[in-house]
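Novice: I am attaching a structure below and will ask some questions about it afterwards.
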Amino acid sequence: MKVVYEGCGVKLINKNGKYFIRYDAGAHQIEIREDEVDINETKQILEGKCGTINQILVDIQKRLINSGVDPYRSNVENKKHEL
Numbered sequence: 901m902k903v904v905y906e907g908c909g910v911k912l913i914n915k916n917g918k919y920f921i922r923y924d925a926g927a928h929q930i931e932i933r934e935d936e937v938d939i940n941e942t943k944q945i946l947e948g949k950c951g952t953i954n955q956i957l958v959d960i961q962k963r964l965i966n967s968g969v970d971p972y973r974s975n976v977e978n979k980k981h982e983l
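Okay, here's the thing in structure tokens:
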């Protein structure tokens, strides 16, 4: 696991050639999520524009909801590497 970007409240992580965005999805408590992003989202995150990154997070949350996953629950087991 290698952190390739950190900023705007997120980390972009490379795990074996796949990219994941790590962020706090909780509203009233910390809920760290780590979700895979595609190559276009990865490129946009690396540009470091917070507005764009926030829109990517909204898009991820919509995808999760549409697939039946609660986007506000942590999916990270090992939380010692939190944001």
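Heads up, the sequence shown is in our numbering, so the first residue is 901 and it goes up one at a time. Where is the CB? At the ideal position from N, CA and C, for every residue including glycine.
#1: Are the segment 913 to 924 and the segment 932 to 942 touching by the rule of at least three beta carbon pairs closer than 8 Å?
#2: Would Y905 and L946 qualify as a contact pair, given that the criterion is a beta-carbon distance under 8 Å?
#3: Of all the options V910, E941 and G907, which has the alpha carbon lying nearest to the alpha carbon of K918?
#4: Could you check whether K911 and M901 sit closer than 8 Å to each other, using their CB atoms as the reference points?
#5: Alpha carbon to alpha carbon, what distance is there between G951 and G907?
#6: Based on the DSSP secondary-structure assignment, which residues constitute the bridge partners of Y905?
#7: Taking DSSP as the reference, what is the three-state secondary structure of D938?
#8: Excluding five sequence neighbours on each side, which residues of the same chain lie with their C-beta closer than 8 Å to the C-beta of D970?
Specialist: So, from the listed chains and residues:
#1: yes
#2: yes
#3: E941
#4: At a Cβ-Cβ threshold of 8 Å, M901 and K911 do not count as neighbours.
#5: 12 Å
#6: L912
#7: coil
#8: Cβ within range, chain order: L964.
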